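All remarks here apply to the structure that follows.
Protein chains: 2
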Amino acid sequence: MTQRGLLIVLSGPSGVGKGTVRKAIFEEEGIDFRYSISATTRKPRPGEKDGLDYFFVSREEFENKIQNGDMLEYAEYVGNYYGTPKSFIDETLASGRDVFLEIDVQGALQVKTKMPEGVYIFLTPPDLTNLRSRLEGRGTDSREVIEKRVAAAKEELKMMINYNYAVENDVVSKAVQRIKAIITAERLRVIRVLDQIDN
Amino acid sequence: MTQRGLLIVLSGPSGVGKGTVRKAIFEEEGIDFRYSISATTRKPRPGEKDGLDYFFVSREEFENKIQNGDMLEYAEYVGNYYGTPKSFIDETLASGRDVFLEIDVQGALQVKTKMPEGVYIFLTPPDLTNLRSRLEGRGTDSREVIEKRVAAAKEELKMMINYNYAVENDVVSKAVQRIKAIITAERLRVIRVLDQIDN
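Shown next as structure tokens:
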């Protein structure tokens, strides 16, 4: 029996470096993720291939997929739909391969309602912890600046609660090692191990 | 604010190699666990130190600790009590250090009812998965032998369900790396990260 693949969702506030970390992970040895391919209603650009860069579909097809619950998440942007088809992810996971999805916070929350068994990783800016005491200890920022930064950090921490793991992106290579440890550990979770064993 | 330490409980069927794996973990670089010290009512042997090898206590003290709920688990063996005091573990975790407990399956289950927030790792013999199909494929064992081995494996799998992680002890160094990945990942769990952050 093939062990079902893991759905790994990397998300976090904009500007935190999700894309950089994702690229670095895909360059690691021994990593064999399938990257989740989005569907879109926009026309292919020269060189773009259907099923490789995107699944190119008509507006009607896209809206049917939404109706049928096949869009894990979607958004409309400049008159075109963009979304994550569930069927592709389901089939890839069933074949035993892991799927890696890098996505913004809104999208990740939508995905989680439909695939709660995934591994949800929140990438955080460095120095989020003990922010106030560090800023105060440094003594270089005005009270107003400190309050503003702490308020912004609080907003990010509020998002974090929806995830399984929080990984600080202080140094990209360290963030990558942490994510690899998470994936190793998740594969060893009893609930997943028992899934793959003979009855 | 100090991050609370992790309670890491390594357990598994007898003969699986818990002690060997535990020793190998303590020899790893960057490992700073506190090993859980047991309490006992037996007399110290020459060279044994109170609070280092054991907490040596009287029978009355031990029974008081049981009454007060300070024994995470205990057993009586050849007329003496042996057990794991909760207060020592609590204080060590509060100081920010991790505590490592290597213990049999009965003991681990007792500990878990009192400290469910710990990380419970079940060490399994190699080749537990797909056992029947491998034995049958090999074609060297009688039906009776196969059934016996599968029945024994099932008993071990039943125990596994009470743990968070299952680590195969195929090669000690690999088991150690898996356990280290689990500990890295557990420290990144959102629930623990939020615990250590300013309000």
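The listed protein sequences correspond, in order, to chains A and B. For the first sequence, the UniProt record's numbering assigns the number 1 to the initial residue and increments by one for each residue that follows. For the second sequence, the UniProt record's numbering assigns the number 1 to the initial residue and increments by one for each residue that follows. Here a beta-carbon is modelled for each residue, glycine too, at the ideal position from N, C-alpha and C. Remember, predicted model here, so these are calculated numbers, not experimental data.
**Asked** Any idea if VAL78 (chain A) is buried or exposed, counting beta-carbon neighbours within 10 angstroms, 16 or more meaning buried?
**Response** exposed
**Prompt:** So the beta strand (DSSP E) VAL9 (chain A) belongs to, where does it begin and stop?
**Reply:** 7-11
**Asked** Under a three-way DSSP split, which group does VAL167 (chain A) fall into?
**Response** strand
**Message:** Which residues of the region 146-171 of chain A have a Cβ closer than 7 Å to any Cβ of chain B? Give them in chain order.
**Reply:** LEU157, MET160, ILE161, TYR163, ASN164, TYR165, ALA166 and VAL167
**Asked** For ALA39 (chain B), which residues from the same chain have a beta carbon less than 6 Å from its beta carbon, with the 5 sequence-adjacent residues on both sides left out?
**Response** PHE55, VAL57, GLY83 and PRO85
**Asked** For ALA166 (chain A) versus LEU188 (chain B), is the C-beta spacing smaller than 8 Å?
**Response** yes
**Prompt:** Taking only beta-carbon atoms, is PHE122 (chain A) less than 8 Å away from chain B?
**Reply:** yes
**Message:** Considering only heavy atoms of the ligand ZN, does any lie closer than 7 Å to the CB of GLY51 (chain B)?
**Reply:** The model depicted lacks the ligand ZN and carries no ligand whatsoever.
**Request:** Please check the pair GLY96 (chain A) and ARG4 (chain A), which I expect to be a contact at CB under 8 Å, by giving their CB distance rounded to whole angstroms.
**Result:** 7 Å
**Request:** Could you tell me the distance, in whole angstroms, from the CA atom of PRO44 (chain B) to the CA atom of GLU29 (chain A)?
**Result:** 52 Å
**Item:** Enclosing beta strand (DSSP E) for ASN80 (chain B) [first to last residue]
**Value:** 80-85
**Message:** Quick check: what's the CA-CA separation for LEU52 (chain B) versus GLU156 (chain A)?
**Reply:** 44 Å
**Request:** Pick out whichever of B:ILE182, B:ALA75, B:GLN110 and B:VAL105 has its Cα sitting closest to the Cα of PRO13 (chain B).
**Result:** B:VAL105
**Request:** Provide the residue(s) that pair with ARG34 (chain B) in DSSP beta bridges, ordered along the chain.
**Result:** B:VAL99
**Item:** 6 Å CB neighbourhood of LEU135 (chain B) in its chain, flanking five on each side removed
**Value:** ASP141 and ILE146
**Asked** Considering only the beta carbon of each residue, do TYR163 (chain B) and VAL190 (chain A) sit closer than 8 Å?
**Response** yes
**Asked** Within 8 Å (strictly less), CB to CB, does ARG189 (chain A) reach chain B?
**Response** yes
**Request:** Give the C-beta separation of LEU194 (chain A) and LEU123 (chain A) to the nearest angstrom, bearing in mind that I take them to be a contact with Cβ-Cβ under 8 Å.
**Result:** With 8 Å as the limit, LEU194 (chain A) and LEU123 (chain A) do not qualify as a contact, their Cβ atoms being about 30 Å apart.
**Inter-residue Cα distance where the pair is ASN169 (chain A) and GLU27 (chain B)** = 29 Å
**Asked** In chain order, what residues of the same chain have a beta carbon less than 6 Å from the beta carbon of LEU128 (chain B), not counting five sequence neighbours either side?
**Response** ALA153
**Request:** Use the C-beta contact count for TYR74 (chain A): other C-beta atoms within 10 angstroms, 16 or more gives buried, fewer gives exposed.
**Result:** buried
**Asked** Rounded C-beta distance between THR92 (chain B) and ARG22 (chain B)? I'm assuming under 8 Å.
**Response** With 8 Å as the limit, THR92 (chain B) and ARG22 (chain B) do not qualify as a contact, their Cβ atoms being about 17 Å apart.
**Message:** Counting only beta-carbon separations shorter than 8 Å, does LEU135 (chain B) have a partner in chain A?
**Reply:** no
**Request:** Taking the CB atoms as reference points, tell me whether VAL172 (chain A) and GLY17 (chain A) lie closer together than 8 Å.
**Result:** yes
**Prompt:** Since LEU194 (chain A) is in the beta strand (DSSP E), which residue starts that stretch and which ends it?
**Reply:** LEU194 (chain A) -> not in any beta strand (DSSP E); alpha helix (DSSP H) instead, spanning 190-195.
**Request:** Grab me the residues of MET159 (chain A)'s own chain with a C-beta within less than 6 Å of its C-beta, minus the 5 sequence neighbours each way, in chain order.
**Result:** VAL105
**Asked** Are the C-beta atoms of ILE182 (chain B) and some chain A residue less than 8 Å apart?
**Response** yes
**Asked** Can you find a CB in chain B that lies within less than 8 Å of the CB of ARG178 (chain A)?
**Response** yes
**Message:** Do ARG143 (chain B) and LEU131 (chain B) have their beta-carbon atoms positioned less than 8 Å apart in this structure?
**Reply:** no
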